[in-house]
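Structure, as structure tokens:
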Amino acid sequence: MAATGDDGLFDALVLGAGIQGSCAAYHLARRRLKTLLLDQFPLPHTRGSSHGQSRITRSAYPQDIYLALMAEAKGLWAQLEAESGIQLHRPMPALVVGHPENPEFQSYRQTMERHRLPCETLTPQELVK
Numbered sequence: 001m002a003a004t005g006d007d008g009l010f011d012a013l014v015l016g017a018g019i020q021g022s023c024a025a026y027h028l029a030r031r032r033l034k035t036l037l038l039d040q041f042p043l044p045h046t047r048g049s050s051h052g053q054s055r056i057t058r059s060a061y062p063q064d065i066y067l068a069l070m071a072e073a074k075g076l077w078a079q080l081e082a083e084s085g086i087q088l089h090r091p092m093p094a095l096v097v098g099h100p101e102n103p104e105f106q107s108y109r110q111t112m113e114r115h116r117l118p119c120e121t122l123t124p125q126e127l128v129k
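Going by full-length UniProt numbering, the sequence shown wraps up at 129, each residue one higher than the last.
Here it is as structure tokens:
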């Protein structure tokens with residue numbers, strides 16, 4: 001983020017303009033802190049783990065905590081879209097593949113049912129269709 005003037009002093013300095021650094025700088029600036037966001041390369045660049053045009057965010061996790069975090073994140077994405085006027089998040093269906101008797105696969109299903117998230121189980125034959 002560019003300096004907004006005066007004395008050149010900042011309230012906060014964030015190193016790294018990847019997803020976490022950018023989010024940290026965004027929230028600091030929203031709190032009206034004079035924030036400087038620095039990255040080692042000119043933006044945009046292709047040298048970080050957050051480069052490119054697409055990312056995946058999941059709503060299916062075997063752990064409850066991640067579902068709670070994703071519900072909160074969904075609201076924050078909507079807020080950022082409203083502020084920027086740009087569609088940033090496009091929800092898409094997901095496919096989790098596993099053996100029905102696998103404990104982790106069962107955990108996905110149980111967690112989604114517990115949180116009343118839509119899901120269905122397909123047989124291998126149905127999946128091929």
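Note that beta-carbon positions come from the ideal geometry of N, C-alpha and C, so glycine has one too.
Going by the CB atoms, is the gap between residue j and residue i shorter than 8 Å?
i   : j   : result
I86 : S50 : no
S22 : P62 : no
S84 : M70 : no
Return helix, strand or coil for residue i, following the three-state DSSP convention.
i    : result
V128 : helix
L15  : strand
L37  : strand
H45  : coil
P91  : coil
S59  : coil
Tell me whether residue i is buried or exposed, calling it buried when 16 or more other Cβ atoms sit within 10 Å of its Cβ.
i   : result
A78 : exposed
T35 : buried
L37 : buried
A25 : buried
A17 : buried
Since residue i is in the alpha helix (DSSP H), which residue starts that stretch and which ends it?
i    : result
L122 : It is not in any alpha helix (DSSP H) - L122 carries neither H nor E in the DSSP assignment.
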